[in-house]
Amino acid sequence: MAGASMKDIKLRIKSVESTMQITKAMQLVATSKLRRAKERMESSKPYAAISHEAMAAAVRSCQGEDIPFAAVRPVKRRCYVIIAGERGLAGGYNNNVFKGVAAHSEGTPWCALPIGRKAIEKYHRLGVELLSDEFVKVEGLSVSLCYRIARRLIDGYEKEEYDEIFLCYTSFRSMMAQEVAIEQLLPIQPAGHEADEKPVDTVYEPDPAETLRRVLPDFLAGRLYSALCDSFASEVAARRNAMDSATKNAGTMISDLHLKFNRARQGAITQEITEIVAGAEQ
Amino acid sequence: MAAFHLQIVTPDRMVFDGLAEKIILRTVNGDVCILARHIDYAAPLGIGEARVTDENGNTRAAACNGGLLSVSGGNVRVLATTFEWREDIDVARAERAQQHAEEQLRALQHDDRNYAIVEAKLKRALTRIHVGR
Numbered sequence: 000m001a002g003a004s005m006k007d008i009k010l011r012i013k014s015v016e017s018t019m020q021i022t023k024a025m026q027l028v029a030t031s032k033l034r035r036a037k038e039r040m041e042s043s044k045p046y047a048a049i050s051h052e053a054m055a056a057a058v059r060s061c062q063g064e065d066i067p068f069a070a071v072r073p074v075k076r077r078c079y080v081i082i083a084g085e086r087g088l089a090g091g092y093n094n095n096v097f098k099g100v101a102a103h104s105e106g107t108p109w110c111a112l113p114i115g116r117k118a119i120e121k122y123h124r125l126g127v128e129l130l131s132d133e134f135v136k137v138e139g140l141s142v143s144l145c146y147r148i149a150r151r152l153i154d155g156y157e158k159e160e161y162d163e164i165f166l167c168y169t170s171f172r173s174m175m176a177q178e179v180a181i182e183q184l185l186p187i188q189p190a191g192h193e194a195d196e197k198p199v200d201t202v203y204e205p206d207p208a209e210t211l212r213r214v215l216p217d218f219l220a221g222r223l224y225s226a227l228c229d230s231f232a233s234e235v236a237a238r239r240n241a242m243d244s245a246t247k248n249a250g251t252m253i254s255d256l257h258l259k260f261n262r263a264r265q266g267a268i269t270q271e272i273t274e275i276v277a278g279a280e281q
Numbered sequence: 000m001a002a003f004h005l006q007i008v009t010p011d012r013m014v015f016d017g018l019a020e021k022i023i024l025r026t027v028n029g030d031v032c033i034l035a036r037h038i039d040y041a042a043p044l045g046i047g048e049a050r051v052t053d054e055n056g057n058t059r060a061a062a063c064n065g066g067l068l069s070v071s072g073g074n075v076r077v078l079a080t081t082f083e084w085r086e087d088i089d090v091a092r093a094e095r096a097q098q099h100a101e102e103q104l105r106a107l108q109h110d111d112r113n114y115a116i117v118e119a120k121l122k123r124a125l126t127r128i129h130v131g132r
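Below, the structure written as structure tokens:
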């Protein structure tokens, strides 16, 4: 009996060890990717911030006029741009995004533009109408692709396929904390952080409405790009953390198993000695 | 000459952040030149050459494409789709792009909705070649 359980424990230790090797390797990969992802995220922020400000200012300057893409119309359907990961094994990263979308979208019909394989699979399974399922990869997604997505979104908005566009992504707060964020892309909300300020006298050439119309794809693409970089950094950080704790858990499991193994071995030896002694006494 | 704070950003990075004396850009309505103490101003950018004169009087040329020029409170911001300094331009690549676009244009009808897209591609390639040489 004791011998068989020793063999079992040995096998368990081996399998946990190989799992630990994998989680450790994944952790190292995530750590090395993280630095680049964070750099990319930082360098994508100024454009998104400045363009947001400029758009809000342009909308404020349009006062009284019919502003394209800022007019609120009755919401028959929403569109969600959902950024998740390409792979799992990143703790709650993907699920948190899906939960956020589920809570936010309740009560209104909606369609989705998922980015990242996991998001595409999830919403395909749920039977949500997908605008496109070609954006599988998140890592290394280029600016020009963001322009394509932006143009597709604007196209659908103009054709009134949907009346509101929301962007759901994961915002990187720190190594340990990543939060799901949901922001409205269209219609543009004029309320910036300086919403109470009186409209400034800015000269627009040709005019504010035309300027807005022309710059909108840039604004959306910049916003998307920044959100993608943010999400990717979050994904890598989440994976690093998940793999870190997995490696730690495997370590404790192995030392527990070693303890059990030693105990079983000791038990077997003791039993053998008892048997020998009993035999000698007879 | 008086200098102003100039920021040039593209979606993936900050290209320039510092003091400048003058910037010339191509907007959709034609070229504009911004000097210090310009009134608040905004215009969408076209495809063309940009010239930036920094606080030391050195002028650098760049190929600038799309986006928004915004002047507010003395700060000048250029939100460009792409912005490449002359020394960073890959002329050989632009020439290939030019050839490719020209071939595509020959195959397209004028009223095709792709015509404008390919035409813009050609224009970008020509601007790059012009600035890069």
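One line per chain: the protein sequences are R and V, in this order. Residues 0 to 281 (numbering that gives the first Met the number 0) make up the first sequence, in order. Residues 0 to 132 (numbering that gives the first Met the number 0) make up the second sequence, in order. Ideal placement from N, C-alpha and C gives every residue a C-beta, glycine not left out. From a predicted model like this one, the values you see are computed outputs, not experimental measurements.
Worksheet entry | Residues near PRO108/R in its chain [Cβ-Cβ closer than 8 angstroms; skip 5 each side] | Position 109 of the first sequence, counted from the first residue, corresponds to residue 108/R. The answer, listed in chain order, is LYS75, ARG76 and ARG77.
Fill in: Run of the beta strand (DSSP E) containing ILE7/V, from where it starts to where it stops
Reading the second sequence from its first residue, position 8 is the one you call residue 7/V. Taken as a continuous stretch (DSSP letters only), the beta strand (DSSP E) holding ILE7/V covers 3 to 9.
Item to complete: Give a yes or no on whether the minimum CB-CB distance between TYR288/R and chain V is below 8 angstroms.
Response: Nothing can be reported for residue 288/R: it is not among the residues displayed for chain R, which extend from 0 to 281.
Discussion item. Looking at chain V, is there any beta carbon in it that lies within less than 8 angstroms of the beta carbon of HIS192/R?
Written reply: As a first step, residue 192/R is located in the first sequence; it is residue number 193 there, counting from the start. Since pLDDT at HIS192/R reaches only 49, below the 50 mark, its modelled position is unreliable, and no value is offered.
Item to complete: Sort out for me which residues DSSP pairs TYR168/R with in a bridge.
Response: Translated into positions along the first sequence, residue 168/R becomes position 169. DSSP, once it has assigned bridges, lists ALA180/R as partnering TYR168/R.
Worksheet item: Is GLU20/V near the ligand MG, with its Cβ less than 7 angstroms from a heavy atom?
Response: As for the ligand MG, it is missing from this structure, which has no ligand bound.
Worksheet item: At what residue ranges does the region 33 to 120 of chain R contain a whole run of the alpha helix (DSSP H), taking only runs of 4 or more?
Response: 92 to 104
Worksheet entry | Chain-ordered chain V contacts of ALA53/R [CB-CB under 9 angstroms] | Working through the first sequence from its first residue, we reach residue 53/R at position 54. The contacting residues are ALA41, LEU67, SER69, SER71, ARG76 and LEU78.
Worksheet item: Under the three-state reduction of DSSP, which class applies to GLY17/V: helix, strand or coil?
Response: Mapped onto the second sequence, residue 17/V falls at position 18. Note: GLY17/V maps to strand in three-state DSSP.
Discussion item. Please list, in chain order, the chain V residues whose beta carbon lies closer than 8 angstroms to that of ASP154/R.
Written reply: Here residue 154/R refers to the residue found at position 155 of the first sequence. The premise fails here: ASP154/R is roughly 11 angstroms from chain V at the closest Cβ pair, so nothing lies under 8 angstroms.
Worksheet item: Which parts of the region 63 to 108 of chain V are runs of the beta strand (DSSP E), unbroken and 3 residues or longer, counting only runs that do not cross its ends?
Response: 74 to 84
Item to complete: Count the other C-beta atoms from every protein chain shown that fall within 10 angstroms of the C-beta of VAL130/V, then say buried if there are 16 or more, exposed otherwise.
Response: For the purposes of this step, residue 130/V is taken as the residue at position 131 of the second sequence. Counting Cβ neighbours within 10 Å, VAL130/V comes out buried, since at least 16 surround it.
Fill in: Span separating the alpha-carbon of LEU121/V from that of ILE148/R
Within the second sequence, residue 121/V is the residue found at index 122, counting from 1. Within the first sequence, residue 148/R is the residue found at index 149, counting from 1. Each residue's alpha carbon lies about 22 angstroms from the other.
Worksheet item: Distance, Cα to Cα, LYS134/R vs CYS167/R?
Response: Taking the first sequence and counting its residues from 1, one reaches residue 134/R at position 135. Taking the first sequence and counting its residues from 1, one reaches residue 167/R at position 168. Lys is not the amino acid found at residue 134/R; the sequence shown has Phe there. So the two alpha carbons sit approximately 15 angstroms from each other.
Discussion item. Short of 9 angstroms Cβ to Cβ, which residues in the region 76 to 101 of chain V face chain R?
Written reply: ARG76, LEU78, ALA79, THR80 and THR81
Worksheet item: Out of ASP11/V, ARG12/V and LEU18/V, which has the shortest C-alpha to C-alpha gap to LEU5/V?
Response: If you number the second sequence from 1, residue 5/V lands on position 6. Selected option, being the one with the closest Cα: LEU18/V.
Fill in: Interface residues of chain R facing ASN28/V [CB-CB closer than 7 angstroms]
Taking the second sequence and counting its residues from 1, the one referred to as residue 28/V is at position 29. Those are GLU204 and PRO205, listed as they occur along chain R.
Fill in: Residues of the region 210 to 240 of chain R with Cβ closer than 7 angstroms to any Cβ of chain V, in chain order
THR210, ARG213, VAL214, ASP217, ALA220, GLY221 and TYR224
Worksheet item: In angstroms, rounded to a whole number, what distance separates the CA positions of VAL137/R and ARG150/R?
Response: In the first sequence, the residue the question calls residue 137/R occupies position 138. In the first sequence, the residue the question calls residue 150/R occupies position 151. VAL137/R and ARG150/R: Cα-Cα distance of roughly 18 angstroms.
Discussion item. Suppose you measure from the CA of SER43/R to the CA of ALA226/R; what does that come to, to the nearest Å?
Written reply: As a first step, residue 43/R must be located in the first sequence, where it is residue number 44. As a first step, residue 226/R must be located in the first sequence, where it is residue number 227. Looking at the two C-alpha atoms, the distance is approximately 9 angstroms.
Fill in: is_contact[ASP11/V, chain R] using C-beta, thresh 8 angstroms
Your numbering for residue 11/V matches position 12 in the second sequence. At least one chain R Cβ lies under 8 angstroms of ASP11/V.
Worksheet item: DSSP on THR58/V, reduced to helix/strand/coil?
Response: Taking the first residue of the second sequence as position 1, residue 58/V is located at position 59. Reduced to three states, the DSSP call for THR58/V is strand.
Worksheet item: Which chain V residues sit within Cβ distance under 7 angstroms of ASP200/R?
Response: As a first step, residue 200/R must be located in the first sequence, where it is residue number 201. Neighbours of ASP200/R on chain V, chain order: ASP39.
Worksheet item: Three-state secondary structure (DSSP) at ILE38/V?
Response: Along the second sequence, one-based indexing puts residue 38/V at 39. Three-state DSSP puts ILE38/V in coil, outside helix and strand.
Fill in: Burial state of ALA100/V, where buried means 16 or more other Cβ atoms lie within 10 Å
Start at 1 with the first residue of the second sequence, and residue 100/V comes out as number 101. Label assigned to ALA100/V: buried.
Worksheet item: Within the 8 angstroms Cβ cut-off, does VAL51/V reach chain R?
Response: For the purposes of this step, residue 51/V is taken as residue 52 along the second sequence, with counting starting at 1. Taking Cβ atoms only, chain R never reaches closer than 8 angstroms to VAL51/V, which makes this a no.
Worksheet item: Helix, strand or coil: how does DSSP classify THR201/R here?
Response: Numbered from 1 along the first sequence, position 202 holds the residue referred to as residue 201/R. Coil.
Practice prompt. Under 7 angstroms Cβ to Cβ from MET0/R, same chain only, skipping five residues before and after it: list those, please.
Written response: Sequence index remark: in the first sequence, residue 0/R carries index 1 (1-based). With a pLDDT of only 45 at MET0/R, under 50, the local geometry of the prediction cannot be trusted, and the value read off the model is given with reservation. Contacts found: none.
Worksheet item: What are the boundary residues of the alpha helix (DSSP H) that includes ARG264/R?
Response: For the purposes of this step, residue 264/R is taken as the residue at position 265 of the first sequence. Residues 207 to 280.
Item to complete: Evaluate the contact criterion for the region 112 to 132 of chain R versus the region 203 to 219 of chain R: three or more CB pairs, one atom per stretch, below 8 angstroms.
Response: no
Item to complete: For ILE187/R, name the three-state secondary structure that DSSP assigns.
Response: Residue mapping note: residue 187/R aligns to position 188 of the first sequence, counting from 1. If DSSP states are grouped into helix, strand and coil, ILE187/R belongs with coil.
Practice prompt. If I'm right that ARG213/R touches PRO43/V with Cβ under 8 angstroms, what's the distance once you round it to whole angstroms?
Written response: Taking the first residue of the first sequence as 1, we reach residue 213/R at position 214. Taking the first residue of the second sequence as 1, we reach residue 43/V at position 44. Yes, they are in contact, since the Cβ atoms of ARG213/R and PRO43/V sit about 4 angstroms apart, within 8 angstroms.
Worksheet item: Between the C-alpha atoms of LEU256/R and ARG11/R, what's the straight-line distance to the nearest angstrom?
Response: Here residue 256/R refers to the residue found at position 257 of the first sequence. Here residue 11/R refers to the residue found at position 12 of the first sequence. Each residue's Cα considered, the two are about 8 angstroms apart.
Worksheet item: Taking just the CA atoms, how far does GLN188/R sit from ALA194/R?
Response: Within the first sequence, residue 194/R is the residue found at index 195, counting from 1. Within the first sequence, residue 188/R is the residue found at index 189, counting from 1. Low confidence applies to ALA194/R: its pLDDT is 49, below 50, so where it sits in the model is not reliable, and the reading given next is rough at best. Approximately 10 angstroms between the Cα atoms of the pair.
Worksheet item: Taking C-alpha atoms, which residue in ILE128/V, ASP39/V and ALA41/V lies nearest to VAL90/V?
Response: Taking the first residue of the second sequence as 1, we reach residue 90/V at position 91. Ranking the options by Cα distance to VAL90/V, first place goes to ILE128/V.
Worksheet item: If you follow the alpha helix (DSSP H) that ASP132/R is part of, which residue opens it and which one closes it?
Response: Counting from 1 along the first sequence, the entry for residue 132/R is found at position 133. Premise fails: ASP132/R is in no alpha helix (DSSP H) and is neither H nor E.
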